[in-house]
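Reading through the structure tokens given below for one structure.
4 protein chains.
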Amino acid sequence: MIVVMKAGASQQQIDHVIERIEQLGLRSHVIVGTERTVVAAVGEKRDGAKQALETAAGVEQVVPILAPYKIASIEVKKERTIVEAQRLKVGGGHIGVIAGPCSVESREQILEVAHVVKAAGAEGLRGGAFKPRTSPYSFQGLKEKGLELLAEARAATGLAVVTEVMAPEQVKLVARYADVLQVGARNMQNYPLLEAVGEAGRPVLLKRGASATMDEFLLAAEYILNTGNTQVMLCERGIRTFEDHTRYTLPLASVPYLHQKTHLPVVIDPSHGTGKASLVAPMAVAAVAVKADGLIVEIHPDPEKAWSDGYQSLTPAAFQQMMAECCRVAEAVGLKM
Amino acid sequence: MIVVMKAGASQQQIDHVIERIEQLGLRSHVIVGTERTVVAAVGEKRDGAKQALETAAGVEQVVPILAPYKIASIEVKKERTIVEAQRLKVGGGHIGVIAGPCSVESREQILEVAHVVKAAGAEGLRGGAFKPRTSPYSFQGLKEKGLELLAEARAATGLAVVTEVMAPEQVKLVARYADVLQVGARNMQNYPLLEAVGEAGRPVLLKRGASATMDEFLLAAEYILNTGNTQVMLCERGIRTFEDHTRYTLPLASVPYLHQKTHLPVVIDPSHGTGKASLVAPMAVAAVAVKADGLIVEIHPDPEKAWSDGYQSLTPAAFQQMMAECCRVAEAVGLKM
Amino acid sequence: MIVVMKAGASQQQIDHVIERIEQLGLRSHVIVGTERTVVAAVGEKRDGAKQALETAAGVEQVVPILAPYKIASIEVKKERTIVEAQRLKVGGGHIGVIAGPCSVESREQILEVAHVVKAAGAEGLRGGAFKPRTSPYSFQGLKEKGLELLAEARAATGLAVVTEVMAPEQVKLVARYADVLQVGARNMQNYPLLEAVGEAGRPVLLKRGASATMDEFLLAAEYILNTGNTQVMLCERGIRTFEDHTRYTLPLASVPYLHQKTHLPVVIDPSHGTGKASLVAPMAVAAVAVKADGLIVEIHPDPEKAWSDGYQSLTPAAFQQMMAECCRVAEAVGLKM
Amino acid sequence: MIVVMKAGASQQQIDHVIERIEQLGLRSHVIVGTERTVVAAVGEKRDGAKQALETAAGVEQVVPILAPYKIASIEVKKERTIVEAQRLKVGGGHIGVIAGPCSVESREQILEVAHVVKAAGAEGLRGGAFKPRTSPYSFQGLKEKGLELLAEARAATGLAVVTEVMAPEQVKLVARYADVLQVGARNMQNYPLLEAVGEAGRPVLLKRGASATMDEFLLAAEYILNTGNTQVMLCERGIRTFEDHTRYTLPLASVPYLHQKTHLPVVIDPSHGTGKASLVAPMAVAAVAVKADGLIVEIHPDPEKAWSDGYQSLTPAAFQQMMAECCRVAEAVGLKM
């Protein structure tokens, strides 16, 4: 940690900072610059110390040196994590594709989609049973009935079931049916939920919050990892910016950046990331080119009649075409699908 | 709802849109423009219809006309809502001030602060017992012990206790001690939590999510109102933008905007909204000038030793000075404090 | 244009809006909804009308139906524009690559880079002679001397010279040496400059402003097109968001979106778009996968000694490797490089 | 400057950084931490060094310690700058108010407005003669005719004329008529223009770019100050964020922040900052409460008929009321108007 003193900081203020650093169990190093004095605090402490110091009189700013997360860091674990569930494999040079409707709507719908997903060569089936909806007047999901239908679709196809869980008290129920527990973007910092899914012992797909920094995203993963659960996938699904021609802005640079910082696999969601069906396939292909470890895509047999997110859902035909193009690009960049 | 067709939309596509509109129980009006055709859909439907239509072939965009929220709207209830709890009164020309530490740390700390708060003329005591922290390695709150200390501070001062609740299963416990249940920014779209606090029958302070639009914010309030609970305060606490010299960007225009759209009172949090102690008092004074209905401010007897958020906490002396300046401005704009 | 009246708008207010619409030379259509009245204004007018109407009493909002740009629109010109200069070809299924240093620093540097660029199979040479720098204390470019060196490099390699022009009075000078005039992101809305480069009759590379919407971007292009100059390339170079781990956020969805709206070719700048050398190549490859019409990339023989932007410059070796990977992906998606 | 090495940086890489620091004329200090090594570079250098170092092998990041601007800094000049022109006075405890139409439209219009402005107690007259417009099809201003009308209005009222200049070659012409040269938000980083207005020797109102950080804003001011012109006002006019209910987001915390960093006066533009007439007065009052040094406000005798920006213009009556409320709040916070 580097404590930058204000230009006119007094010796007494500098001494006080040194004293505080030592009280915190860290060692201090003073560097007298031409315009400012800087005090370095050396040690392993990651929390608390920074804010204690930045409140001290005469301090301009405190610059942390260490990343705030540990278990998620590639400095701690060099081998890349591969997440597996049923036939789904995400990471380790293999791009796992999860597809399905926004919401489970009926037995026919989910079974039809599951067969489309499998036929196109994907390995995971997504589908919402518990739906977080912006409006209380929107369809909220079929709940346990939806979970049963997902399990039936798995039995019929062997696809891994990926579905969202919205509250700690739902975790047990959802984990009974799902292969992968999804934590939605709105819940990325719902810490009781992160701990509960961690403890459920199932692989977790953690979506990035719409305004989360990378450090916050990795710290949310750290909450799950900290329970001992190592099967965590990071899902980039777009951030909120001033752009109004897409639903969110999908920053694919997250993939190579995260690959430099963490061993966890990175999944791209081009459906929420763009919010427009016509942009989904191009961005899925680009995600493969940038070496994402997985894709999660919304598809629907008849998007116009979907109960939610139809505008960003691909038809089965469009999905098959997307998969074909993704496969060609995967090969070109040395990955498997 | 206005359905704007693409420039080259066929008559068949237009007819299909008309048919869909009527299937949805709405009436349609076709307007043939010079470059595009527009189909208006008339009726009360607020949900589902939009997305069904924007997926139809030949549709460029669908523009909603009605606000997506109802109970929160000033069109539905013209009289402004006043929220009251113990001696705290927020709204109706009265600015309610809630102050206290980020976290409850000890009996001495919270009692000392409570007396400072009361002496300065404020009416609510904030203090976190369950703390949502970005890092799993940060202090997570004293939990029930913290709630007991808050209740003791209320007994000693008559201040209303405002404290955060993080999960549905905590609501009963927290509601046993608190006068006002706070839903934090990270949980603004935690719908099971919104429903649980709504049903608890206590006033709720709902913080705006860091990247929530006003419609999303009001729809979150609508989840609570929809349970029958009418005592909801909206709290603007800053949004995430590219600005890096403050922790968040605090948009005070939210106050007059919300006053035009909703009857619910609006509280400003200048502590999180700026993240720097030196900016808190100026923004609190500005919030009064823009006619906020309330303020929520972090103070600490010794910010440098605070267990959390010290850098944005006011000292007791600074808080007293802030209150004095706020009072002068309140009087200048015709409000009471 | 759709004028949405407020819920309680009076008949007199509605009549006034109708009258105004007709004064503006448009036809009006009134639609009485269940909660609000809407007045559609039909006609070709693109400007002025909207704002005249949104100020009228009783008006809630005015929704434009037509895109604000015309010449840039794919509705007006269906054939895609191909931009050519020297051996550079951008668009029409051909990905044109422009590469070179941030700043021209010396004869040796620019000649060395030009040979690297050519050898790697790229067709354009970038290099700043007039440099817009955030700080007045930074290196501001070699000015005309830099232009001369660029021309010499062109003579030696046949590469098209792409260089920035910062002010209308520099246009003549720069156009004497350059094959393509670049308008930087900071100047995207410098209208006198847009008109001056338009009139210079050279192809223009127009960079998106860091906070420009797509409509603003296309309207800036419209300023150039409006002078009669049809050779305009749109360059997505990243937008300013809350993300702090990259210099800007590079939204590749701009490529398919712009391809749906305009006939102009789209070039991606992964160097400014990420601001980190280690992220440039992955994003360049992704840009090819999403079918960008061109790339513009910063390279330097010795990035550590670059006078500007070294941290985001590729070494010659890294650039060659990037080109090889881009070629493989271009082939996979059916494009030529 | 603090150079943070990567976790596994080799001794050779550390030695190389030390060598580079010394080549740059700075002194180095090595601090060996538990997980990383940090090298401090001590000296006055503000430019170039940072980027040279962050490109070196084994470097994780480089953290600057000194602010990048000098002349604008309050560390260099402690006395606050007061800007004066005609009867306008901005700073030094005096809030200067500039008001007028977006565009000068006619002799009658500007004279009528000027009298309204003066009668309400304001001291500056704004009005665009050269208008930067997003669309090439929008009204672009009366140009020199507009300047003449502004001068006539000044002659009639004694108000200081504040008007925008868009290009270096217009500066001489505009400076012949104007008392204050305005640089618009779109041109905040138009460096040739900043230098030209600096050299014109007139006071400058510099608007913040819609996505400019505070450091970028102050560095733009530094370009002007660097020409020897000391009469610079900083104008906060709102930033571009995800918010869609206002035209921009107006961050009033800029006022106290800038007061801590610079001696230059800070002017607030609530008209562009909100983009809605109904929000302008509340935000103007709040700007006074937060101790802005000035206000710039759009007013129009008949906003509905304004040629530009009518939706954010106040009527004369609304402006008078705004001024009255601002005066009461100014008094409450110890400022003069």
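Sequence order for the protein chains is A, B, C and D.
Going by the numbering used here, the first sequence opens with residue 917, and the numbers climb by one from there.
Going by the numbering used here, the second sequence opens with residue 917, and the numbers climb by one from there.
Going by the numbering used here, the third sequence opens with residue 917, and the numbers climb by one from there.
Going by the numbering used here, the fourth sequence opens with residue 917, and the numbers climb by one from there.
Note that beta-carbon positions come from the ideal geometry of N, C-alpha and C, so glycine has one too.
All values reported here derive from a predicted model rather than from experimental measurement.
Notebook entry, point to check: Just reading off the alpha helix (DSSP H) that ILE934/C is part of, what are its end residues?
Noted result: The residue given as residue 934/C occupies position 18 in the third sequence. Where ILE934/C is concerned, the enclosing alpha helix (DSSP H) stretches over 927-939.
Check the Cβ-Cβ distances between GLN1105/A and every residue of chain B, and say whether any is below 8 angstroms.
Position 189 of the first sequence, counting from 1, holds the residue named residue 1105/A. At least one chain B Cβ lies under 8 angstroms of GLN1105/A.
- Message: Can you check which of these residues, ILE947/B, GLU1152/B, VAL958/B, is closest to GLN927/B by C-alpha distance?
- Response: Your numbering for residue 927/B matches position 11 in the second sequence. It is ILE947/B.
Worksheet item: Which of the residues in the stretch 1124-1137 of chain A, read from start to end, lie with their CB under 7 angstroms from any CB of chain B?
Response: ALA1126, SER1127, GLU1132, LEU1135
Spatial distance of LYS907/C from ALA1083/C (CA atoms) | Residue coverage of chain C in this structure runs from 917 to 1253, which leaves residue 907/C outside it and unanswerable.
Starting from LYS1061/A and walking both ways along the alpha helix (DSSP H), at which residues does that stretch end?
Along the first sequence, one-based indexing puts residue 1061/A at 145. From DSSP, the alpha helix (DSSP H) with LYS1061/A extends over 1060-1073.
Worksheet item: Pick from CYS1243/A, ILE1212/A, VAL1245/A: whose alpha carbon is nearest that of HIS1188/A?
Response: What you label residue 1188/A is simply residue 272 of the first sequence in a count that begins at 1. Answer by Cα proximity: ILE1212/A.
Notebook entry, point to check: Which same chain residues, not among the five before or five after GLU1028/D, have their C-beta less than 7 angstroms away from its C-beta?
Noted result: Along the fourth sequence, one-based indexing puts residue 1028/D at 112. Cβ within range, chain order: PRO1217.
Helix, strand or coil: which one does DSSP assign to PRO1181/C?
-> Counting from one through the third sequence, the residue named residue 1181/C turns up at place 265. Looking at PRO1181/C - three-state DSSP - the assignment turns out to be coil, as it is neither helix nor strand.
**Q.** Span separating the alpha-carbon of SER1229/D from that of SER1194/C
**A.** Working through the fourth sequence from its first residue, we reach residue 1229/D at position 313. Working through the third sequence from its first residue, we reach residue 1194/C at position 278. Between SER1229/D and SER1194/C, the C-alpha separation is close to 48 angstroms.
If you measure from the beta carbon of THR971/B to each beta carbon in chain C, is any gap under 8 angstroms?
Counted from its first residue, the second sequence places residue 971/B at position 55. Answer no: the Cβ-Cβ gap between THR971/B and chain C never drops below 8 angstroms.
Counting only Cβ pairs nearer than 7 angstroms, list the residues of chain A close to TYR1227/C. As a working mapping, residue 1227/C is identified with position 311 in the third sequence. Those within 7 angstroms of TYR1227/C in chain A number zero; the least Cβ separation is about 14 angstroms.
Review point. When you compare only the Cα positions, how much space is there between VAL1006/C and THR1178/C?
Key: The residue given as residue 1006/C occupies position 90 in the third sequence. The residue given as residue 1178/C occupies position 262 in the third sequence. Distance between the alpha carbons of VAL1006/C and THR1178/C is about 15 angstroms.
Cβ shell of PRO1232/B (< 6 angstroms), same chain only, five flanking positions each side left out
One-based indexing of the second sequence puts residue 1232/B at position 316. Result list for PRO1232/B: VAL1032, in chain order.
### Message
Checking the sheet assignment: what are the DSSP bridge partners for ILE1212/D?
### Response
For the purposes of this step, residue 1212/D is taken as residue 296 along the fourth sequence, with counting starting at 1. For ILE1212/D, which the question treats as bridged, DSSP gives the partners ILE1014/D.
Check: Taking three-plus beta-carbon pairs below 8 angstroms as touching, is the stretch 1140-1150 of chain C in contact with the stretch 1108-1121 of chain C?
Finding: yes
> Which two residues bound the contiguous beta strand (DSSP E) that contains ARG1163/A?
Replying inline: Within the first sequence, residue 1163/A is the residue found at index 247, counting from 1. No beta strand (DSSP E) holds ARG1163/A; DSSP gives it neither H nor E.
* To do: On a CA-only basis, which of ALA1035/B, LEU1150/B, ARG1049/B, SER1019/B is nearest GLU1138/A? Give me that one, please.
  => On the first sequence, position 222 is the one that residue 1138/A refers to. Nearest C-alpha to GLU1138/A: ARG1049/B.
query = Should ARG1092/D be labelled buried (16 or more other beta-carbon atoms within 10 Å of its own) or exposed?
reply = Sequence index remark: in the fourth sequence, residue 1092/D carries index 176 (1-based). Exposed, by the Cβ-count rule.
Looking at the unbroken alpha helix (DSSP H) that takes in LEU1134/A, where does it start and where does it end? Within the first sequence, numbered from 1, the residue matching residue 1134/A stands at position 218. Taken as a continuous stretch (DSSP letters only), the alpha helix (DSSP H) holding LEU1134/A covers 1130-1141.
Checklist entry - What does a CB cutoff of less than 8 angstroms around LEU1058/D pick up in its chain, not counting 5 residues either side in sequence? => result Here residue 1058/D refers to the residue found at position 142 when the fourth sequence is read from its first residue. Within the same chain, LEU1058/D has close Cβ partners SER1019, VAL1020, GLU1021, ALA1045, LEU1065.
Excluding the 5 residues preceding and the 5 following ALA1001/B in the sequence, name in chain order all residues of the same chain whose CB lies nearer than 7 angstroms to its CB. As a first step, residue 1001/B must be located in the second sequence, where it is residue number 85. If we look at ALA1001/B and ignore the five residues flanking it on each side, its Cβ neighbours are ALA1076, ASP1095, VAL1096, PRO1119.
Q. Can you find a CB in chain B that lies within less than 8 angstroms of the CB of ARG952/A?
A. By one-based count along the first sequence, residue 952/A stands at place 36. So, not an interface residue.
- prompt: What are the residues of the stretch 1068-1082 of chain C that lie near chain D, defined by any Cβ-Cβ distance shorter than 9 angstroms?
  reply: MET1082
- Task: Measure the C-alpha to C-alpha separation of ARG1070/A and VAL1081/A and round it to an integer number of angstroms.
- Result: For the purposes of this step, residue 1070/A is identified with residue 154 of the first sequence, where counting begins at 1. For the purposes of this step, residue 1081/A is identified with residue 165 of the first sequence, where counting begins at 1. Roughly 18 angstroms separates the two Cα atoms.
Comparing alpha-carbon positions, which option in ILE918/C, ALA972/C, VAL992/C lies nearest ALA925/C?
Here residue 925/C corresponds to residue number 9 of the third sequence, with the count starting at 1. Per the Cα distances, ALA972/C.
| query | For ARG1156/A, which residues in chain B fall below 7 angstroms Cβ to Cβ? | reply | For the purposes of this step, residue 1156/A is identified with residue 240 of the first sequence, where counting begins at 1. Simply SER1127.
Distance, Cα to Cα, GLN1056/C vs GLN929/A? Working through the third sequence from its first residue, we reach residue 1056/C at position 140. Working through the first sequence from its first residue, we reach residue 929/A at position 13. GLN1056/C and GLN929/A: Cα-Cα distance of roughly 40 angstroms.
If distances are taken between C-alpha atoms only, which option among GLU1024/C, LEU969/C, VAL1013/C comes closest to MET1239/C?
Reading the third sequence from its first residue, position 323 is the one you call residue 1239/C. It is VAL1013/C whose Cα lies nearest to the Cα of MET1239/C.
Exercise. State yes or no: is the C-beta of PHE1158/C within less than 8 angstroms of the C-beta of SER1170/A?
Key: For the purposes of this step, residue 1158/C is taken as residue 242 along the third sequence, with counting starting at 1. For the purposes of this step, residue 1170/A is taken as residue 254 along the first sequence, with counting starting at 1. Cβ distance not < 8 angstroms, so PHE1158/C and SER1170/A don't count as in contact.
Using the Cα positions of GLY1040/D and GLU960/B, report the straight-line distance between them to the nearest angstrom.
As a working note, residue 1040/D is residue 124 in the fourth sequence. As a working note, residue 960/B is residue 44 in the second sequence. GLY1040/D and GLU960/B: Cα-Cα distance of roughly 49 angstroms.
inquiry  = Checking 8 angstroms against the spacing of the C-beta atoms, do VAL958/A and GLY1100/D come in under that value?
reply    = Position 42 of the first sequence holds residue 958/A. Position 184 of the fourth sequence holds residue 1100/D. For VAL958/A and GLY1100/D, no; Cβs fall outside 8 angstroms.
So LEU1166/D and MET1199/D are in contact, right, with Cβ under 8 angstroms, and what is the actual spacing, rounded? The residue you call residue 1166/D lines up with position 250 of the fourth sequence. The residue you call residue 1199/D lines up with position 283 of the fourth sequence. 6 angstroms between Cβ atoms; contact.
* To do: Residues of the stretch 1176-1187 of chain A with a CB closer than 8 angstroms to any CB of chain C: list them in chain order, please.
  => GLN1176
- Query: So which residues on chain C does THR1165/A lean against when the C-beta distance must stay under 9 angstroms?
  - Reply: The residue labelled residue 1165/A in the question sits at position 249 within the first sequence. Ordered by position in chain C, the residues that pass the 9 angstroms Cβ test against THR1165/A are ILE1155, THR1157, THR1165, PRO1167, ALA1169.
(message) Going by beta-carbon coordinates alone, are VAL1206/D and PRO1172/D separated by less than 8 angstroms?
(response) The sequence position of residue 1206/D within the fourth sequence is 290, counting from 1. The sequence position of residue 1172/D within the fourth sequence is 256, counting from 1. Yes, the pair counts as a contact, with Cβ atoms nearer than the cut-off.
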